[in-house]
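Peer 1:
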Amino acid sequence: MNSPLPYMIPIGDLQQQVNTRQSKVNRRNALHYCAPSGGGWGVVRVACLVPEILVLFVIPIGCGRHGGVAALQTGDSRMVRYLLVEEAEIVVGSYLDRVEKAVDHLIEAEKPAGMILFSTCMDDLLGADFDGIIRVASERHRIPVVRAKMNPIMSDTKKPPEVMIQHSIYQFLKYPAANETPEDGTGERHINVIGSFGQLDSESEIHEALRHAGGYRLRHITECATLKTFESMGKSRLNLLVKPAGAFAVKAMAKRGKQPFVEGFTAFHPTEINENYQQLSQALALDIPLNTAAAEAAAWHLMERAKPAMKGMTAAIGATLNARPFELARLLTELGIDVRYVLAKAVHDSEEKHVAWLKEHAPALQVIPDLDPSLSAQHTYVDQVDLCLGLDAAVYFEPQKLVELPFDETLYGYRGTEKLITRIQEAEPYRYDLTQRIYRANLVV
């Protein structure tokens, strides 16, 4: 028996729909369905990017089970501790005394360089005073203690957990004093990469272009072996925002540390990549813009060569990939691929122009809210396609080939475009090992 088709929005109706949903694609007032393949980097894994710290979760056992399994799966359990609270403690608020004692005990026993203290939905609802506990602990033990939240009740707001956890981890940074300039005394010129979970692809032309433009070097949290090194990212000259989820963090860093930022979201279309480099050149006040002309020409050349072989291919784009789905859909469409479906959570401001373009050039495209409850009834494939991009797309569509763009790999610039096209061209026939692929990807719902 065939399953009913999931809820879909024609691309021509998408902008009108999201205008009534705070830019979200998912239906308002609808339950959320989280498919096993629909996860990404959970807040635990992001918090554990900060080196030499402990992460303490104050958590009911039901929520703790989820976080604990995630930490074991990703190998982060060595940094994570749990304080499980009972229902009676929550009702009377007495668990807060245990929180303060637990923080003191862990710091004294394990001597971390810093700590992240996680609260949950219940603390938002109760208005628990975690800020006071953090202030006292930081003063008493002379280490930085930062608050973070795992509160999925905020998922449909402007401050969802995946956004606010990035804000939390960058609160550890230390900024130059009023009489200092960035990287005072080091002679180095650093630019922080914010928003991604991995450094930009080492083969991207951005590294060489920045080096020739004045010795600039990109820095990312994953390069920091010590908390002190991570804290020093506050003295970098500029923040490069490569993913929208880091926007709240860079704005807070600009306000708190007077550290400027520039948006240069990961893109695959050469025109948008060129715009990113122009904006970065302006932010650095370069007399001569970044020299990426050779890489740009190579990307355009490869696109033209690839078009005959890709023309007429059918494709579905998932939400569990390190790309903006509508920007990617536009590139594939210009390559001649028939993009039939896009799974998405929202339409970011930077993608509105791509949605408008797709409305005109790919009018048959259907957008599927990736959390819609109708997906739970899919016991058969929605459609057969030649190509799926993203693991979750392979759950709902039967692909001939699957290309993954994992969250911890950030293809960037023109060479990122070349790598994507090459991976599509060289993709092996899809072997139906989706469960093992999901486990290997450490996706957390």
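FYI, full-length UniProt numbering numbers position 277 of the sequence shown as 277, with every residue one higher than the one before it.
Beta carbons are placed, not taken as given, at the ideal position from N, Cα and C, and that holds for glycine.
Given the structure is predicted, the values throughout are model-derived calculations rather than measurements.
Is it buried or exposed for R120, if we count other Cβ within 10 angstroms and need 16 for buried?
Peer 2: Here residue 120 is Thr; the residue named in the question, Arg, does not match the sequence. Label assigned to T120: buried.
Peer 1: Span of the alpha helix (DSSP H) holding K251?
Peer 2: Element bounds for K251: A247 to G257.
Peer 1: For D287, does the count of other Cβ atoms within 10 angstroms reach 16, so buried, or fall short, so exposed?
Peer 2: It counts as exposed.
Peer 1: What do you get for H212, buried or exposed, if any count of 16 or more other CB atoms within 10 angstroms of its CB means buried?
Peer 2: The residue is exposed, with fewer than 16 neighbouring Cβ atoms inside 10 Å.
Peer 1: Hey, V403 and L387 are a contact pair by Cβ (cut 8 Å); roughly how many whole angstroms apart?
Peer 2: About 7 Å separates the two Cβ atoms, so the contact holds.
Peer 1: Where does L56 fall in DSSP's three states?
Peer 2: Looking at L56 - three-state DSSP - the assignment turns out to be strand.
Peer 1: Going by the DSSP bridge assignment, what does P429 pair with across the sheet?
Peer 2: DSSP lists K401 as partners of P429.
Peer 1: Who are the near neighbours of I30 in its chain, counting only those whose CB is closer than 7 Å to its CB and skipping five residues on each side?
Peer 2: A small fix is needed here, since residue 30 is Ala in this sequence, not Ile. Within the same chain, A30 has close Cβ partners D372 and P373.
Peer 1: Do P244 and H348 have their CB atoms nearer than 7 Å?
Peer 2: A contact, by the Cβ cut-off of 7 Å.
Peer 1: What would DSSP say about V242, mapped onto helix, strand or coil?
Peer 2: Residue state, collapsed to three classes: coil.
Peer 1: For A309, which of Q425, L54, P152 and R21 has the nearest alpha-carbon?
Peer 2: Nearest of Q425, L54, P152 and R21 to A309, Cα basis: Q425.
Peer 1: In the DSSP assignment, what residue or residues form a beta bridge with T410?
Peer 2: T410 pairs with L200.
Peer 1: Note down the Cα distance separating E203 from G195, rounded to an integer number of angstroms.
Peer 2: Looking at the two C-alpha atoms, the distance is approximately 19 Å.
Peer 1: Taking 6 Å as the limit between beta carbons, can you name the residues of its chain near T417, skipping five residues before and five after?
Peer 2: Correct list, in chain order: F268 and A299.
Peer 1: Runs of 3 residues minimum, wholly inside the region 315-394: which ones carry the beta strand (DSSP E) assignment?
Peer 2: Qualifying beta strand (DSSP E) stretches, in chain order: 338-344, 366-369 and 383-389.
Peer 1: Distance check for V91 and L126, CA to CA, integer angstroms please.
Peer 2: Going from the Cα of L126 to the Cα of V91 covers about 9 Å.
Peer 1: Cα separation between P144 and Q279?
Peer 2: So the two alpha carbons sit approximately 34 Å from each other.
Peer 1: Does the ligand GDP have a heavy atom nearer than 6 Å to the CB of R21?
Peer 2: Absence of the ligand GDP is noted for the structure shown, with no ligands found whatsoever.
Peer 1: By Cβ distance below 8 Å, which residues in the same chain neighbour H167 in space, the five residues on each side in sequence not counted?
Peer 2: If we look at H167 and ignore the five residues flanking it on each side, its Cβ neighbours are F248, A249 and A252.
Peer 1: Straight-line CA distance for I337 to K311?
Peer 2: Approximately 5 Å, taken between the alpha carbons.
Peer 1: Specify, as a first and last residue, the run of the alpha helix (DSSP H) that L106 falls within.
Peer 2: Counting along the chain, the alpha helix (DSSP H) containing L106 begins and ends at Y95 to E110.
Peer 1: Considering Cα atoms alone, identify which of R21, N19 and R81 is closest to A47.
Peer 2: Ranking R21, N19 and R81 by Cα distance to A47 puts R81 first.
Peer 1: Over what stretch of residues does the alpha helix (DSSP H) that includes E263 continue unbroken?
Peer 2: Taken as a continuous stretch (DSSP letters only), E263 belongs to no alpha helix (DSSP H), being part of the beta strand (DSSP E) at F261 to E263.
Peer 1: Output the boundary residues of the alpha helix (DSSP H) element that contains T215.
Peer 2: At residue 215 the sequence reads Gly, which differs from the Thr that was named. Here G215 belongs to no alpha helix (DSSP H), and DSSP marks it neither H nor E.
Peer 1: Name, in chain order, the residues that DSSP records as bridge partners for L83.
Peer 2: L83 pairs with V58.
Peer 1: Do you know how far the Cα of P152 is from the Cα of L72?
Peer 2: If I take the Cα positions, the gap works out to 21 Å.
Peer 1: Label T271 either buried or exposed according to how many other C-beta atoms from any shown protein chain fall within 10 Å of its C-beta, with 16 as the threshold for buried.
Peer 2: Exposed is the call here.
Peer 1: Using a 10 Å radius around the Cβ and a threshold of 16 neighbouring Cβ atoms, would you call P429 buried or exposed?
Peer 2: It is exposed - the Cβ of P429 has fewer than 16 other Cβ atoms within 10 Å.
Peer 1: What ranges does the alpha helix (DSSP H) occupy inside the region 142-183, keeping only unbroken runs of at least 4 residues that lie completely in it?
Peer 2: DSSP runs (the alpha helix (DSSP H)) wholly in the region 142-183: 161-169.
Peer 1: Return the CA-CA distance between residue 456 and P10, expressed in angstroms with no decimal places.
Peer 2: Limits of the chain in this structure are 1 at one end and 445 at the other, which puts residue 456 out of reach.
Peer 1: Please confirm whether A283 and L238 have their CB atoms less than 7 Å apart.
Peer 2: Their beta carbons are under 7 Å apart, which means A283 touches L238 by this criterion.
Peer 1: Locate the beta strand (DSSP E) running through M115, then write down its first and last residues.
Peer 2: First-last of the beta strand (DSSP E) with M115: G114 to T120.
Peer 1: Expressed to the nearest angstrom, what Euclidean distance is found between the alpha-carbon atoms of Q400 and V385?
Peer 2: Roughly 7 Å separates the two Cα atoms.
Peer 1: When you compare only the Cα positions, how much space is there between Q22 and Q366?
Peer 2: Between Q22 and Q366, the C-alpha separation is close to 20 Å.
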